[in-house]
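Asker: Residue numbers for the sequence shown follow the working numbering, beginning at 4 and rising by one.
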Amino acid sequence: MAQADPTPDRTRLTGSLRRDSVKKNVAAIHVSGKLTLLQRKLSNVLLLNAYDTLTTAQTHRIDAKTLCLMIGYNSNDMDTLKSSLRGLAETVAEWDMLAEDGEHEWGVSALLSYAKLKGGVCEYAYSPALAAKLHDPKVFALINLNIQKRFTSGHALALYENCYRFVRTGSTGWWPLDLFRRLMGVDGSAYYEVYKQLNAKIIKPAVAEVNKTSNILVTPEVRKQGRAVTDIRFLIKENPQLAMLDIDDGEGLRQGGTYQRLRDLGVQDRLARQWIAEHGEDYVAERLDFVAGQDGVKSPLRYLSAAIREGYGGRAAPAPAAEAEDARAAAARQLEAEARAEAEAAREGVLEAERRARAARMERIRQAVASRTPTQRDADRRLFLSRLSDPLERGDFERLGWASALNARTMSAFWEELVPGLFDDL
């Protein structure tokens, strides 16, 4: 395989690698062993690359640098890649499920039957039995690589993989703690036999990262026998603020020609993605063509907005299917969340600037006080106190003196009057 461009974006990837999500069989997800975060991500990308020919081809190939970049580590670090591939070949996948004929089936296989690096290409294979399980269309969870790349903890990604398939039912059902430890890759550790330590080091951090990072929200519940915790389950619901991650993290929309035409016209990034997400790329492209064909339009952007809203110049916007409507609603929610986040960030920026300015003024006041004689300091204090009528403000100043944050604004005005120009250079 020829060397790939060092940036593995969707326009350069081919075949199954252009897909955002990878189908992972429930059985394979459930027992993926003691995988590191890097190995877990690597496993998902390799499966995505192989998926279309998983049961028809004996081996699969991917450019090694592309593979590294898709997982998020240095594309020249072949030693790390070798170590991760070795870990997958040494990790056992186990499934325990009902077969198609209704018979109970148990099986075990290495996650990779072999892997090799040669000429800048990674070649690898799955055992036929495991490939069949991984490719089973009836029992799988969708693992979105746009979400995967956001995770920084292997335990959190493992929890996400094991919970996401239950989002429609709302709960994982009860898992014995022994099974849960296996799913998290901490079975065999005496330390995590103690639930208090398992909860503090594994469960709580993993839940926090899943809820912050992914398109689902999970809440753990436990079942006890006496005082001992015996089982755990996770209640699951969609994360409305990050639901768009399950559709697109924005990069897919940004690769399209329609998006670029909108941006060239002066449409902001968020609005361009919102129009495409809500109406579809073809519909927006038709409106662009219509506006481009009109002579004498003084404000093409405003006219385009009206054309999209009212359906000028072509077919009306198609009635969306339920899935598309859900996707568009999720996209709209995500865009609203982005706007709120930007506004919050801007507000936080203003507040931070105000805090820095207040701290600088308080320091200047401290320096001014230190430069005064004891008699002057006493007179300054008495004069300032005489101006405070609020008992709370007086009490705070009497207790803290010129370090009273409650009186910061009033103190600044007092010292500006007492020493004109004291704050001019701040």
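Ideal Cβ placement from N, Cα and C applies to all residues, glycine included. The structure displayed is predicted, hence computed values, not measured ones.
For Gly110, does the three-state DSSP call read helix, strand or coil?
Answerer: As a working note, residue 110 is residue 107 in the sequence shown. Correct three-state label for Gly110: strand.
Asker: Comparing C-alpha positions only, which one of Tyr117, Leu38, Tyr286 sits nearest to His63?
Answerer: As a first step, residue 63 is located in the sequence shown; it is residue number 60 there, counting from the start. The residue with the shortest Cα to Cα distance from His63 is Tyr117.
Asker: What's the gap between the Cα of Ala416 and the Cα of Gly424?
Answerer: One-based indexing of the sequence shown puts residue 416 at position 413. One-based indexing of the sequence shown puts residue 424 at position 421. Computed Cα separation, rounded: 11 Å.
Asker: For the segment 120 to 140 against the segment 52 to 68, are there 3 or more C-beta pairs whose distance is under 8 Å?
Answerer: With the cut-off at 8 Å, the segment 120 to 140 and the segment 52 to 68 touch.
Asker: I'd like to know whether the C-beta atoms of Leu40 and Gly123 end up nearer to each other than 7 Å.
Answerer: Numbered from its first residue, the sequence shown carries residue 40 at position 37. Numbered from its first residue, the sequence shown carries residue 123 at position 120. No.
Asker: Quick check on Gln151: buried or exposed, where buried means 16 or more other Cβ atoms within 10 Å of its Cβ?
Answerer: Here residue 151 refers to the residue found at position 148 when the sequence shown is read from its first residue. Buried.
Asker: Three-state secondary structure (DSSP) at Glu420?
Answerer: Within the sequence shown, residue 420 is the residue found at index 417, counting from 1. Helix at Glu420.
Asker: So what does DSSP say about Arg380, is it helix, strand or coil?
Answerer: Translated into positions along the sequence shown, residue 380 becomes position 377. Note: Arg380 maps to helix in three-state DSSP.
Asker: Roughly how far, in whole angstroms, is the beta-carbon of Arg43 from the beta-carbon of Leu133, given that I think they are within contact range, below 8 Å?
Answerer: Indexing the sequence shown from 1 puts residue 43 at position 40. Indexing the sequence shown from 1 puts residue 133 at position 130. In fact, because the Cβ distance is near 16 Å, the residues do not count as touching under 8 Å.
Asker: Can you tell me the Cα-Cα spacing of Pro303 and Met73, whole angstroms?
Answerer: Numbered from 1 along the sequence shown, position 300 holds the residue referred to as residue 303. Numbered from 1 along the sequence shown, position 70 holds the residue referred to as residue 73. Each residue's Cα considered, the two are about 39 Å apart.
Asker: Which first and last residues belong to the beta strand (DSSP E) in which Phe237 is found?
Answerer: Along the sequence shown, read from residue 1 onward, the residue named residue 237 stands at position 234. Note, Phe237: beta strand (DSSP E), 231 to 241.
Asker: Quick one: is the Cβ of Leu291 within less than 6 Å of any heavy atom of the ligand FMN?
Answerer: As presented, the structure is devoid of all ligands, the ligand FMN included, so that no description of it is given.
Asker: Rounded to whole angstroms, what's the CA-CA distance from Leu145 to Ala275? Just pull it up for me.
Answerer: To locate residue 145, count along the sequence shown from 1; it is residue 142. To locate residue 275, count along the sequence shown from 1; it is residue 272. Residue placement at Leu145 is flagged as unreliable, the pLDDT there being 47, under the threshold of 50; a coordinate-derived value is accordingly withheld.
Asker: Less than 7 Å between the C-beta atoms of Asp399 and Ser392, yes or no?
Answerer: Position 396 of the sequence shown holds residue 399. Position 389 of the sequence shown holds residue 392. No.
Asker: From Tyr198 to Glu97, what does the alpha carbon distance come to, in whole angstroms?
Answerer: By one-based count along the sequence shown, residue 198 stands at place 195. By one-based count along the sequence shown, residue 97 stands at place 94. Near 25 Å, if we compare the C-alpha coordinates of Glu97 and Tyr198.
Asker: So, is Tyr163 buried or exposed, given that buried needs 16 or more other C-beta atoms within 10 angstroms?
Answerer: Taking the sequence shown and counting its residues from 1, the one referred to as residue 163 is at position 160. By the neighbour-count rule (16 or more Cβ atoms within 10 Å), Tyr163 is buried.
Asker: From the DSSP output, which residues share a beta bridge with Trp405?
Answerer: As a position in the sequence shown, residue 405 is number 402, starting the count at 1. DSSP, once it has assigned bridges, lists no residue as partnering Trp405.
Asker: From this set, Leu45, Lys301, Ala209, Ser217, which residue's C-alpha is nearest Asn242's C-alpha?
Answerer: For this step, residue 242 is matched to residue 239 along the sequence shown. Nearest option by C-alpha distance: Ser217.
Asker: If we ignore side chains and look at the alpha-carbon of each, how far apart do Arg89 and Val225 end up?
Answerer: For the purposes of this step, residue 89 is identified with residue 86 of the sequence shown, where counting begins at 1. For the purposes of this step, residue 225 is identified with residue 222 of the sequence shown, where counting begins at 1. Near 36 Å, if we compare the C-alpha coordinates of Val225 and Arg89.
Asker: Could you give the residue range of the beta strand (DSSP E) that holds Lys119?
Answerer: Against the sequence shown, residue 119 aligns to sequence position 116. Start and end: 117 to 121.
Asker: Taking all protein chains shown into account, decide if Gly176 is buried (16 or more other Cβ within 10 angstroms of its Cβ) or exposed.
Answerer: Mapped onto the sequence shown, residue 176 falls at position 173. Per the 10 Å Cβ criterion, exposed.
Asker: With DSSP collapsed to three states, give me the class of Thr1.
Answerer: Nothing can be reported for residue 1, as the shown portion of the chain is limited to 4 through 429.
Asker: Can you tell me the Cα-Cα spacing of Trp178 and Ala231, whole angstroms?
Answerer: Within the sequence shown, the letter at position 175 stands for residue 178. Within the sequence shown, the letter at position 228 stands for residue 231. For Trp178 and Ala231, the distance between alpha carbons rounds to 15 Å.
Asker: Note down the Cα distance separating Thr413 from Thr376, rounded to an integer number of angstroms.
Answerer: For the purposes of this step, residue 413 is identified with residue 410 of the sequence shown, where counting begins at 1. For the purposes of this step, residue 376 is identified with residue 373 of the sequence shown, where counting begins at 1. Computed Cα separation, rounded: 22 Å.
Asker: Determine, using beta carbons only, whether Ala309 and Val294 come nearer to each other than 7 Å.
Answerer: Translated into the one-based positions of the sequence shown, residue 309 becomes position 306. Translated into the one-based positions of the sequence shown, residue 294 becomes position 291. For Ala309 and Val294, no; Cβs fall outside 7 Å.
Asker: Which whole-angstrom value describes the C-beta separation of Phe426 and Arg369, a residue pair presumed to lie in contact below a C-beta threshold of 8 Å?
Answerer: On the sequence shown, position 423 is the one that residue 426 refers to. On the sequence shown, position 366 is the one that residue 369 refers to. Not a contact, Cβ separation roughly 13 Å.
Asker: Cβ atoms of Leu114 and Thr94: under 7 Å apart, would you say?
Answerer: As a first step, residue 94 is located in the sequence shown; it is residue number 91 there, counting from the start. As a first step, residue 114 is located in the sequence shown; it is residue number 111 there, counting from the start. Result yes, Cβ atoms of Thr94 and Leu114 sit closer than 7 Å.
Asker: Can you tell me which residues form a DSSP beta bridge with Ser174?
Answerer: Taking the sequence shown and counting its residues from 1, the one referred to as residue 174 is at position 171. DSSP, once it has assigned bridges, lists Leu238 as partnering Ser174.
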